[in-house]
Amino acid sequence: MRTHKVITSPLGILTLVAEDAVLIAIEPAAPDPAAPGAARYGLSAENGFEAVERQLQEYFEGRRCCLDLPASQPGTPFMQQVWATVSSIPYGQTRSYKQLALELGDAAKARSVGAALSRNALNILVPTHRVVGTRGALTGYSGGVDAKRVLLTLEASPGNEALRQQCSGAGVPA
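Following the working numbering, the numbering of the sequence shown begins with 382 at its first residue and continues without gaps.
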């Protein structure tokens, strides 16, 4: 059964969506019940999102470097590979689209990497905000460039140095 919960965060409103207790999306904004496709959010639920809310709160408070939650999202094998590679970028660090493409074996795939990132429904959990343009430009983010800036600033905050050190081996929940 698909359910959702709308929460507030330092980024504004976020909608958490789960299918059978597995997180499938963290979307910016609240669902519009009158919009086409609104049914994809499922039923509104107050319960079942406690772990997601707690971990997001800890992340935004600078007490957690990554989320450790049951999650799933459909995608091609290439998309899955891109998302896995992005998930290995350590907290407080960035990579360019080109660096990711090289890591995936072909610098010419930078645009394909960008396309895969644009289809990531699990923002923050799959930290696509850590991917920047070749010269460090804040380009494209489904939550908006301002949200990307907020997340990068949070992770780069001098007060989070200990967390960056602790989480330098990416994918290690704090």
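Think of the CB as a built atom: it goes at the ideal place given N, C-alpha and C, for glycine as much as any other residue.
If you compare the alpha carbons of PRO455, ALA497, ASN541 and ALA399 with that of THR466, the shortest gap goes to ALA497. Secondary structure in the segment 434–492: the alpha helix (DSSP H) runs of 4 residues or longer, each lying completely within the stretch, are 458–468 and 478–484 in chain order.
When C-alpha distances from LEU532 are compared across THR509, ARG516 and ALA489, the shortest belongs to THR509.
When the five nearest sequence neighbours on each side are left out, the beta carbons in the same chain lying within less than 6 Å of the beta carbon of CYS446 are those of TYR472, LEU544, CYS548 and ALA555, in order along the chain. Apart from the 5 residues on each side of it in sequence, GLN454 sits with its Cβ closer than 7 Å to the Cβ of ILE405, ALA502 and LEU503 in its chain, given in chain order.
Between the alpha carbons of THR384 and TYR422 lies a gap of roughly 6 Å. Following the DSSP letters along the chain, one finds GLU400 inside the beta strand (DSSP E) bounded by residues 393–400. DSSP lists LEU397 and LEU503 as the bridge partner or partners of ILE407.
By the neighbour-count definition (other C-beta atoms within 10 Å, threshold 16), ILE407 is a buried residue. Here the alpha carbons of ASP401 and ASP527 stand approximately 32 Å from one another. The bridge partners DSSP lists for SER390 are GLY393.
In the structure shown, the three-state DSSP call for LEU424 is strand. Going by beta carbons, LEU392 and GLY524 fall inside the 9 Å limit. Non-local beta-carbon contacts of PHE430 in its own chain, meaning distances under 6 Å to residues more than five positions away in sequence, involve LYS386 and LEU397 in chain order. In this structure ILE394 is exposed. Its beta-carbon is surrounded by fewer than 16 other beta-carbon atoms within 10 angstroms. LEU437 sits buried, since 16 or more C-beta atoms from the chains shown fall within 10 Å of its C-beta.
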